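Participant: The structure that follows is given in the form of structure tokens.
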């Protein structure tokens, strides 16, 4: 990778904006791309993303752009769009990406229609570009403010993983590299679904003991699913698995936790979402289906899927989990 890097961040939400600032602080010329021309104009004029990350100034090296052709000069691309939009974005990038440019997916989910993980989507649509996954316990506001954060960057090729860590990481945004792409993907996708369950528990005022039990038993589900799909145990117990689960399951900064909180307080799914994207709501059904295909028991995730699909009320879901027969802890 060239010493003087150009990094393209595709997606100008809060997370994309925070990552663009991190990239610029690391000395890279950074393109921050968004589809909305008016949004781009505002960011250029105000030097902040008032819509998604108000009060945080864009670094001087961040260049908002609405032209996808601008990414042709990028040495690294960060895809910071919702998981269900990654395929479409990759299809758009195909005609303009420079040969061999790695694509780092920063979304946490599984493609709902196909059951494919994000790295597989990139490989399928962009076979000449190596995929990588960035995931871990991180809130955009913390990262944007320069608060200490540590996450995992996974790629199939160790030299690439190390190179990307150098291209993206800064002291306050510490990256650990991994070759366990699947494990990092599973941790990020599954914890979003489990965070909805923890939000429901808080919304129903079930108490701290119930919340702790949900985190522990939810992590057991994540581990079972991960093992079935080839993840390494140490990855699932690290930043992108347990670390992200703990963060997401206890804070209203998490959209997934907040969605569950509202559902637990009696709001409808439409009211609870409030027009904000919660990745777990899109991942739940395919996560449960993939678990069934491997014979993996995931009662908490299955209950959340049933609630989101309105096959079961929150009360019924809680009762069903409480009525499960006692068994050995595994």
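Numbering (the numbering used here), first residue to last: 4 to 333.
Backbone N, C-alpha and C define an ideal beta-carbon position, used for all residues, glycine too.
Every value quoted in this text rests on a predicted model; they were computed, and no experiment measured them.
(1) How long is the line joining the alpha carbons of residue 246 and residue 191, rounded to whole angstroms?
(2) Would you mind listing the beta strand (DSSP E) stretches within the region 41–84 that are 3+ residues and don't spill past its ends, in chain order?
(3) Hey, quick one: how far does the beta strand (DSSP E) through residue 32 stretch, first residue to last?
(4) Hey, how far is the Cα of residue 207 from the Cα of residue 12?
(5) When the Cα atoms are used, what is the spatial distance from residue 49 to residue 321?
(6) Any Cβ of chain B within less than 7 Å of the Cβ of residue 14?
(7) How long is the line joining the alpha carbons of residue 134 and residue 88, rounded to whole angstroms?
(8) Just verifying my parser: in three-state terms, what is the DSSP assignment at residue 176?
(9) Measure the Cβ-Cβ separation of residue 2 and residue 266 and say whether it is below 7 Å.
(10) Is the separation between the beta-carbon of residue 17 and that of residue 143 shorter than 7 Å?
(11) Could you check if residue 304 is buried or exposed, using at least 16 other CB atoms within 10 Å of its CB as the buried criterion?
(12) In its own chain, which residues sit with a C-beta less than 6 Å from the C-beta of residue 127, not counting the 5 before and 5 after it?
(13) Can you tell me whether residue 46 is buried or exposed? The criterion is at least 16 other CB atoms within 10 Å of its CB, across all chains shown.
(14) Exposed or buried, what is residue 105 when buried is set at 16 or more other beta-carbons lying within 10 Å of its beta-carbon?
(15) Note down, in chain order, each residue of its chain lying with its Cβ closer than 6 Å to the Cβ of residue 264, except the 5 sequence neighbours on either side.
(16) So the candidates are 19, 328 and 81; which of them puts its Cα closest to the Cα of residue 54?
(17) Give the DSSP bridge partners of residue 136, in chain order.
(18) Is residue 12 helix, strand or coil when you go by DSSP?
(19) Skipping 5 residues on each side, what residues in its chain have a beta carbon closer than 6 Å to that of residue 172?
(20) From this set, 38, 250, 262 and 140, which residue's C-alpha is nearest residue 200's C-alpha?
(21) Please report the straight-line C-alpha distance between residue 186 and residue 239, rounded to a whole angstrom.
(22) Contact check, residue 31 vs residue 64 under 8 Å by CB: the rounded distance?
(23) Grab me the residues of residue 311's own chain with a C-beta within less than 7 Å of its C-beta, minus the 5 sequence neighbours each way, in chain order.
(24) Just the Cα atoms here: how many angstroms apart are residue 174 and residue 154?
(25) Answer yes or no: do residue 15 and residue 146 have a C-beta to C-beta separation smaller than 7 Å?
(26) Nearest to residue 189 by alpha carbon, out of 319, 244, 114 and 330?
(27) Can you tell me whether DSSP reads residue 285 as helix, strand or coil?
Facilitator: Once the coordinates are examined:
(1) The straight-line gap separating the alpha-carbon atoms of residue 246 and residue 191 is approximately 10 Å.
(2) Counting whole runs of 3 or more residues, the region 41–84 contains the beta strand (DSSP E) stretches 56–60, 65–68 and 79–82.
(3) Unbroken beta strand (DSSP E) run through residue 32: 32–36.
(4) Residue 207 and residue 12: Cα-Cα distance of roughly 39 Å.
(5) Rounded to the nearest whole angstrom, the C-alpha separation of residue 49 and residue 321 is 47 Å.
(6) Among the chains of the structure shown, chain B does not appear; only one protein chain is present.
(7) Cα to Cα, the separation comes out at about 16 Å.
(8) When secondary structure is reduced to three states using DSSP, residue 176 falls in the strand class.
(9) Past the edges of the chain, shown from 4 to 333, lies residue 2, and the structure says nothing about it.
(10) Contact flag set, yes.
(11) Burial is judged here by how many other beta carbons sit within 10 angstroms of a residue's own beta carbon; residue 304 has at least 16 and is buried.
(12) For residue 127, there are no CB contacts under 6 Å within the same chain when 5 residues up- and downstream are skipped.
(13) By the neighbour-count definition (other C-beta atoms within 10 Å, threshold 16), residue 46 is a buried residue.
(14) Burial of residue 105 is indicated by the presence of at least 16 other C-beta atoms within 10 angstroms of its C-beta.
(15) Excluding positions up to five away in sequence, the list reads 202, 205 and 206.
(16) The option with the nearest alpha carbon to residue 54 is 19.
(17) Residue 136 pairs with 108 and 157.
(18) Residue 12 falls in the strand class under three-state DSSP.
(19) 178.
(20) The option with the nearest alpha carbon to residue 200 is 262.
(21) If you take the alpha carbons of residue 186 and residue 239, they lie about 6 Å apart.
(22) Distance from residue 31 to residue 64 at the Cβ level is roughly 7 Å; contact confirmed, criterion being Cβ atoms closer than 8 Å.
(23) Answer for residue 311: 272, 284 and 287, listed in chain order.
(24) Linking residue 174 to residue 154 through their CA atoms gives a straight-line distance of about 12 Å.
(25) It is not a contact, given that the beta carbons lie outside the stated cut-off.
(26) Closest option to residue 189, Cα to Cα, is 244.
(27) Residue 285 falls in the helix class under three-state DSSP.
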